[in-house]
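Heads up, my numbering is the position in the sequence shown plus 60, with the first residue counted as 1.
For each residue, glycine too, the CB sits at the ideal point set by N, CA and C.
In this text the structure is predicted, and so the values were computed from the model without any measurement.
In what follows, a structure is listed as structure tokens, so that the remarks can point back to it.
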Amino acid sequence: MTTMNWGIIGPGSIANTFADALSQSKQGKLFAVASRSVERAREFAKRYQVSRTYEQYSDLIKDSEVQIIYIATPHSHHYQLAKQCLEAGKHLLLEKPLTINADQTKVLIELAQAKSLLFQEALWSRFMPCFAQVKKWLKQGEIGTLHYIQSDIGFAFGDQPEHRLNNPLLAGGALLDLGVYSISLSQFLLDQVPDKIQALSHLSGSGIDEQTQVNMHFPNGQLSQFSCSIQSNCSNSMTLVGEQGRIHLPEHFWVGQEAQLWRGGKLLETAKFPHAVNGFEYQIEESMRCVLAGEVCSEFMPHQASLAVMQIMDEVRKQIGLKYVDEIEKI
61 MTTMNWGIIG PGSIANTFAD ALSQSKQGKL FAVASRSVER AREFAKRYQV
111 SRTYEQYSDL IKDSEVQIIY IATPHSHHYQ LAKQCLEAGK HLLLEKPLTI
161 NADQTKVLIE LAQAKSLLFQ EALWSRFMPC FAQVKKWLKQ GEIGTLHYIQ
211 SDIGFAFGDQ PEHRLNNPLL AGGALLDLGV YSISLSQFLL DQVPDKIQAL
261 SHLSGSGIDE QTQVNMHFPN GQLSQFSCSI QSNCSNSMTL VGEQGRIHLP
311 EHFWVGQEAQ LWRGGKLLET AKFPHAVNGF EYQIEESMRC VLAGEVCSEF
361 MPHQASLAVM QIMDEVRKQI GLKYVDEIEK I
């Protein structure tokens, strides 16, 4: 089995979750880490037995022994770093949301395809067996015709003014970081892109969206409605409603550990999906499979799906007046 050397840019909390999953891989090896904080890089390297540490992101990107890079910085920094990685010939797994806007995503997709490099959005839920089971129930007609999806996602960060989601310079707010789950999973489960979008939001004094609600209408008449918030601790659940029943994904639906099948007001089945590690292992292994197969993206999260998600969020932002500084919006 060919060992694949990974590099991580941005060893924050989500990178720790990623590293925990990668440490259990038989094929992948965490080889290098880069951080602007020397202390953080060294601490991370010691914890996960990483061979090389870098103070400059560019030095990790230039390391000839690093084959694939995982970027876990705030999404305000994704575009420029991802572009540098692809230009340097590195395969790339990029945290969600891919970028700040669809134009940036389009540039990265075209670059990856031109260079025949993996460019994969790390929307981890889409790689999980839980959502494959939900799609199977839908195709089997277990709830009849699916009419609409409802979901909400949110946590109260109001008492954490230093949190990145409260910082407009880091593209903070609820939509890009949280609402992306409802958008992407609705797209995945319906196999469609909405043709009509309606959005409302409450913006903070600094201009970020603290609470946003969105209605999406799909070409075949199905609907998806979601709320996202950085002010409220929400139910964090998702329900798919059909003519004969419903499928319910309880709290922290995006973690994909349980799906309930209801019909006629009765719970027929509860399918549980305990993760072997923490849920990141699915996207890690799929990314390496794609690299070895010469694929530029996975069928679970293809480029056209990632671009469509960004286009939807662009439209929501337009409707609610959510803008960021030119520095992080530019191409």
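Check your understanding: Taking C-beta to C-beta, are residue 233 and residue 269 nearer than 7 angstroms?
Key -> Working through the sequence shown from its first residue, we reach residue 233 at position 173. Working through the sequence shown from its first residue, we reach residue 269 at position 209. Taking 7 angstroms as the Cβ cut-off, residue 233 and residue 269 qualify as a contacting pair.
Review point. Buried or exposed: residue 161, going by 16 or more other Cβ atoms within 10 Å of its Cβ?
Key: In the sequence shown, residue 161 corresponds to position 101, counting from 1. When all chains shown are included, residue 161 counts as buried.
Check your understanding: Closest Cβ-Cβ distance between residue 66 and chain C: below 7 angstroms?
Key -> The question asks about chain C, but that chain is absent: this structure has only one protein chain.
**Study point:** Residue environment, residue 262, which counts as buried when at least 16 other CB atoms sit within 10 Å
**Key:** Taking the sequence shown and counting its residues from 1, one reaches residue 262 at position 202. By the 10 Å Cβ count, residue 262 comes out exposed.
Point to revise | From 238, 230, 284 and 151, residue whose alpha carbon lies closest to that of residue 246 | key: In the sequence shown, the residue the question calls residue 246 occupies position 186. It is 284.
Exercise for review: Could you please give the first and the last residue of the uninterrupted alpha helix (DSSP H) stretch that includes residue 143?
Suggested key: In the sequence shown, counting from the first residue as 1, residue 143 sits at position 83. Looking at the DSSP string, the run of the alpha helix (DSSP H) that includes residue 143 is 138-147.
Review point. What are the start and end residues of the beta strand (DSSP E) that includes residue 94?
Key: One-based indexing of the sequence shown puts residue 94 at position 34. Note, residue 94: beta strand (DSSP E), 88-94.
Check your understanding: Looking at the structure shown, is residue 288 part of a helix, part of a strand, or coil, going by DSSP?
Key -> Position 228 of the sequence shown, counted from the start, is the residue given in the question as residue 288. Of the three classes helix, strand and coil, the one that applies to residue 288 here is strand, per DSSP.
Review point. With a Cβ-Cβ cutoff of 7 angstroms, do residue 203 and residue 354 count as a contact?
Key: Your numbering for residue 203 matches position 143 in the sequence shown. Your numbering for residue 354 matches position 294 in the sequence shown. No. Outside cutoff.
Review point. Just to confirm, are residue 92 and residue 107 a CB contact at a threshold of 7 angstroms?
Key: Within the sequence shown, numbered from 1, the residue matching residue 92 stands at position 32. Within the sequence shown, numbered from 1, the residue matching residue 107 stands at position 47. No, the pair does not count as a contact, with Cβ atoms beyond the cut-off.
Point to revise | Spatial distance of residue 69 from residue 139 (CA atoms) | key: As a position in the sequence shown, residue 69 is number 9, starting the count at 1. As a position in the sequence shown, residue 139 is number 79, starting the count at 1. In a straight line, the C-alpha of residue 69 is about 13 angstroms away from that of residue 139.
Point to revise | Rounded C-alpha distance that separates residue 118 from residue 368 | key: Here the question's residue 118 lines up with position 58 in the sequence shown. Here the question's residue 368 lines up with position 308 in the sequence shown. Those two C-alpha atoms are separated by around 30 angstroms.
Point to revise | Pair within 7 angstroms by beta-carbon distance, residue 201 and residue 120 | key: Translated into the one-based positions of the sequence shown, residue 201 becomes position 141. Translated into the one-based positions of the sequence shown, residue 120 becomes position 60. No, these two residues do not count as a Cβ contact at 7 angstroms.
Exercise for review: Using beta-carbon positions only, say whether residue 244 and residue 183 come within less than 7 angstroms of one another.
Suggested key: The count along the sequence shown starts at 1 and reaches residue 244 at position 184. The count along the sequence shown starts at 1 and reaches residue 183 at position 123. Cβ distance < 7 angstroms, so residue 244 and residue 183 count as in contact.
**Study point:** Runs of alpha helix (DSSP H) wholly within the region 333-368 (minimum 4 residues, chain order)
**Key:** 341-353
Review point. Can the beta-carbon of residue 134 be found less than 7 angstroms from the beta-carbon of residue 236?
Key: To locate residue 134, count along the sequence shown from 1; it is residue 74. To locate residue 236, count along the sequence shown from 1; it is residue 176. No, these two residues do not count as a Cβ contact at 7 angstroms.
Exercise for review: Measure from the alpha carbon of residue 228 to the alpha carbon of each residue in 62, 83, 61 and 389, then state which is nearest.
Suggested key: To locate residue 228, count along the sequence shown from 1; it is residue 168. Among 62, 83, 61 and 389, the Cα nearest to that of residue 228 is on 389.
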